[in-house]
Each structure stands twice: as C-alpha cells, then as structure tokens.
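Data first, discussion second: the structure below is written as structure tokens.
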Amino acid sequence: MDQPWIYIVLLGAAAVVYAWLMPKRQPSRGTEEAVVQKVEATLEQYMADIENDNDELIELVSGMKQEHAVKQAALQEQVTELRNRIVELERQAMLATVSMPISDSEASIVTLEEQTALQEPQTEQEQESIRDRYQELFAMHEQGKSVDYIAKQSGIQRGEVQLILQLAEREDVT
1 MDQPWIYIVL LGAAAVVYAW LMPKRQPSRG TEEAVVQKVE ATLEQYMADI
51 ENDNDELIEL VSGMKQEHAV KQAALQEQVT ELRNRIVELE RQAMLATVSM
101 PISDSEASIV TLEEQTALQE PQTEQEQESI RDRYQELFAM HEQGKSVDYI
151 AKQSGIQRGE VQLILQLAER EDVT
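Mapping of the sequence shown onto full-length UniProt numbering: position 166 corresponds to residue 166, and the numbering continues sequentially without gaps.
Printed below as a string of structure tokens:
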C-alpha cells in the first residue's frame, strides 16, 4: 500500500458508498406543482379580466357610435328643416315684392326722406370738430407738453394722442 493511487481509489470508493448510504433528498414535487397551478390560475384570472375589460370597451364604443348616429340624424333633420324654412321665406319675399307695386312718387318721397336722414348726422358731425371733443388734450399740446405726458395725464394711449393731433392738423388744413 505504498502506492498513492491506491489511496485515491479507496478514498473514491468510500465517497461513493457514503453517498449511496445517505438518505436521498426527494425534490418536493408537491410545491413545484402548487406554484405552477398558482401561476396558471393567476394567468387565467388575468386573461378573464382583460376579456371583461375588452367587452366593456366594446359596449362603450358601440354606445358612443349609436349616440353619434342619433345626434347626426337629428342635426341632419334640423338642416333639412332650416333649408325648407329658407326656401319658404324666399318664396314669401318674392311674393311680397311682386304684390307691392311702388309708384314713382312714393319712391321719390322715400329716397328724399332717407337722404335728409343721412344728411342730418353729417351736419352734426361737421359742427363738432376734434378740437372741441379733446379740448384738454389740445390745451396741453399748445402749452408744449410732450405726447407721452399728454397720454399719461389724459389716460389715452400714446398712439391715440398722436392720431388725434394728426387728425386735427388735417382738419385745420381743410
């Protein structure tokens, strides 16, 4: 037994016998199967929830489609009704213009009244000048105040003050 290889062989044989005599560990098949069953149950529940959600979404979309169709039909009906009313009003207007002959004297009276009505506001506007409307502004301008100062004091914006002054100059020229 002087050779080292015999020791190695004996040691290997002892390890094999020891491993064979040790109680074998049984892999717990029950727990693995339980985990697999739980995962399968969870996946089935998840798929059922997704299917229910999809069904609800389909119902919601179909309901929205129906509401949209009803609203569109109502709007189309209103458009048709309004078109009919327009046609009826146009027909009535044509009948009214055909049935109302206006004599030349009546037409001239109407136009004369319209012309005088239009001329009266113009004469009032001509009488009231820009200088009369903005006396404070022109008083400050004549004192030599700047446009910015006039704008601050009168509460009118700078651009408006400049415009008023320019319009007054044009009014003075004419």
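Using N, Cα and C, we set each Cβ at its ideal position, and we do this for glycine too.
Does the Cβ of residue i have 16 or more other Cβ atoms within 10 Å, making it buried, or fewer, making it exposed?
| i | result |
| --- | --- |
| residue 137 | buried |
| residue 140 | buried |
| residue 79 | exposed |
| residue 86 | exposed |
| residue 161 | buried |
Are the beta-carbon atoms of residue i and residue j separated by less than 8 Å?
| i | j | result |
| --- | --- | --- |
| residue 158 | residue 172 | no |
| residue 130 | residue 168 | yes |
Is residue i helix, strand or coil when you go by DSSP?
| i | result |
| --- | --- |
| residue 144 | coil |
| residue 134 | coil |
| residue 22 | coil |
| residue 78 | helix |
| residue 63 | helix |
| residue 174 | coil |
| residue 156 | coil |
| residue 99 | helix |
| residue 128 | coil |
| residue 3 | coil |
Shorter than 8 Å from the beta carbon of residue i to some beta carbon of chain B?
| i | result |
| --- | --- |
| residue 174 | Chain labels in this structure do not include chain B; a single protein chain is all it has. |
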